[in-house]
Amino acid sequence: MNRVLAIVSVLGRDQKGVVARISTYLADQDINIEDIEQRVVRGQFLMDMLVDITGATVSLDELVVGLLAIGREIDMEIRVTLHNKRERPKVGVLVSKESHCLEQLITDHRAGLLHGDLVTVVGNHEDLRPVAESAGIPFAWRPSEDKDAHEAFVVEELGRAGADVVVLARYMQILTPTVVGPYAGRIINIHPSLLPYFPGANPYRRAWEDGVRVTGCTAHFVTEELDAGPIILQDVFHIEVGVDSVEDVRRKGRALEGVVLSRALQLYLNNEVVVINGKVVFKPGMRTLLRDFGETE
Numbered sequence: 224m225n226r227v228l229a230i231v232s233v234l235g236r237d238q239k240g241v242v243a244r245i246s247t248y249l250a251d252q253d254i255n256i257e258d259i260e261q262r263v264v265r266g267q268f269l270m271d272m273l274v275d276i277t278g279a280t281v282s283l284d285e286l287v288v289g290l291l292a293i294g295r296e297i298d299m300e301i302r303v304t305l306h307n308k309r310e311r312p313k314v315g316v317l318v319s320k321e322s323h324c325l326e327q328l329i330t331d332h333r334a335g336l337l338h339g340d341l342v343t344v345v346g347n348h349e350d351l352r353p354v355a356e357s358a359g360i361p362f363a364w365r366p367s368e369d370k371d372a373h374e375a376f377v378v379e380e381l382g383r384a385g386a387d388v389v390v391l392a393r394y395m396q397i398l399t400p401t402v403v404g405p406y407a408g409r410i411i412n413i414h415p416s417l418l419p420y421f422p423g424a425n426p427y428r429r430a431w432e433d434g435v436r437v438t439g440c441t442a443h444f445v446t447e448e449l450d451a452g453p454i455i456l457q458d459v460f461h462i463e464v465g466v467d468s469v470e471d472v473r474r475k476g477r478a479l480e481g482v483v484l485s486r487a488l489q490l491y492l493n494n495e496v497v498v499i500n501g502k503v504v505f506k507p508g509m510r511t512l513l514r515d516f517g518e519t520e
């Protein structure tokens, strides 16, 4: 008989007795706890619990209702994910003209590194249509001179594709609440600097002009404030001051941007990050728990 595994995820203000309360409830339903990861960050309690519900005395619906009731009583968010029937999140990608980030996402998707599906590529230019369509991804575009019309088009296309998360793969547009609102906390951008340094336009040139010796790129969640959303990942490269041209700096940056963006997306899709008090925190993730028990896909 195949085991039926689920992940019970808990997030909320740290308090006494949370693990005992949930563990007791699960034991009362004949549910076995296989593994547990927990930590406290900035006063917030995070827990991922791998449970075997094969022999449970309640249905999955009853289990979820019971855990939600406990969550309300202790003022914590509790979610249950049935591993065997997890849906792959749908990823929408926004682009302009530069292809390197989109190409990296496609490469990593083909390699099985993205636990989600690239379902649409939407741009404000048509340049990357061949890249998307050669990978079997629908492509749509509309000029962005009329920003309101363009953003309405973007939201429509993302909705049509059923996108769960949006990735800005060097999409050279500043998003307004029209797009940020419906996808709050689900838009990931790559910025070519080590934020909070050099936000805005031309960061590589500014780094080169300032003579910095180390710069890099930042993957972050998008908020309505430009380049100020919670940082997911950063990586660096070195500038040989007096030797490298500004084009050398851009070349080094482009080589890194797609990698950092894809890794940030992977963390999001694997449920390994959570935002607490405006900061991204790496959480005990289902990927680690399932890998330990040989249950990864």
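Just so you know, we're using the numbering used here here: the sequence shown kicks off at 224 and counts up by one.
Positions of the beta carbon are idealized from the N, C-alpha and C atoms, including for glycine.
Whole-number beta carbon distance between residue j and residue i, since they are thought to touch under 8 angstroms
i: Gly476; j: Tyr427; result: 5 angstroms
i: Val342; j: Ala386; result: 6 angstroms
Endpoints, the alpha helix (DSSP H) within which residue i is located
i: Val483; result: Val469 to Leu492
i: Gly382; result: Lys370 to Ala384
i: Leu290; result: Leu283 to Ile297
i: Gln327; result: His323 to Arg333
i: Thr401; result: Pro400 to Val403
Terminal residues of the beta strand (DSSP E) in which residue i lies
i: Arg236; result: Leu228 to Arg236
i: His414; result: Ile410 to His414
i: Val466; result: Premise fails: Val466 is in no beta strand (DSSP E) and is neither H nor E.
i: Ala363; result: Phe362 to Trp364
i: Gln261; result: Asn255 to Val264
Separation of residue j from residue i, as counted between CA atoms
i: Trp431; j: Ser416; result: 11 angstroms
i: Thr399; j: Ile276; result: 44 angstroms
i: Met509; j: Leu234; result: Bear in mind that the predicted position of Met509 carries a pLDDT of just 48, short of 50, making it too unreliable to give a figure here.
i: Leu269; j: Ala250; result: 20 angstroms
i: Ile413; j: Val497; result: 18 angstroms
i: Arg409; j: Asp253; result: 36 angstroms
i: Tyr394; j: Gly434; result: 27 angstroms
i: Val344; j: Leu317; result: 6 angstroms
i: Gly382; j: Gly452; result: 23 angstroms
i: Ala279; j: Gly339; result: 29 angstroms
i: Ala372; j: Asp350; result: 20 angstroms
i: Asp515; j: Arg302; result: Reliability of the predicted coordinates at Asp515 is poor, the pLDDT of 47 falling under 50, and the value obtained from them is presented with this limitation in mind. So the alpha carbons of these two residues sit roughly 21 angstroms apart.
i: Ile454; j: Thr441; result: 7 angstroms
i: Tyr406; j: Val388; result: 7 angstroms
i: Ser322; j: Arg295; result: 46 angstroms
i: Glu470; j: Ala424; result: 15 angstroms
For residue i, the three-state DSSP class (helix, strand or coil)
i: Asp271; result: strand
i: Thr277; result: coil
i: Arg428; result: helix
i: Leu418; result: coil
i: Pro355; result: It is worth fixing the name first, because residue 355 is Ala in this sequence and not Pro. Three-state DSSP puts Ala355 in a helix.
i: Leu249; result: helix
i: Arg244; result: helix
i: Asp458; result: strand
i: Asp433; result: helix
Any chain C beta carbon closer than 7 angstroms to residue i
i: Asp458; result: Considering every chain present, this structure includes no chain C. It has just one protein chain.
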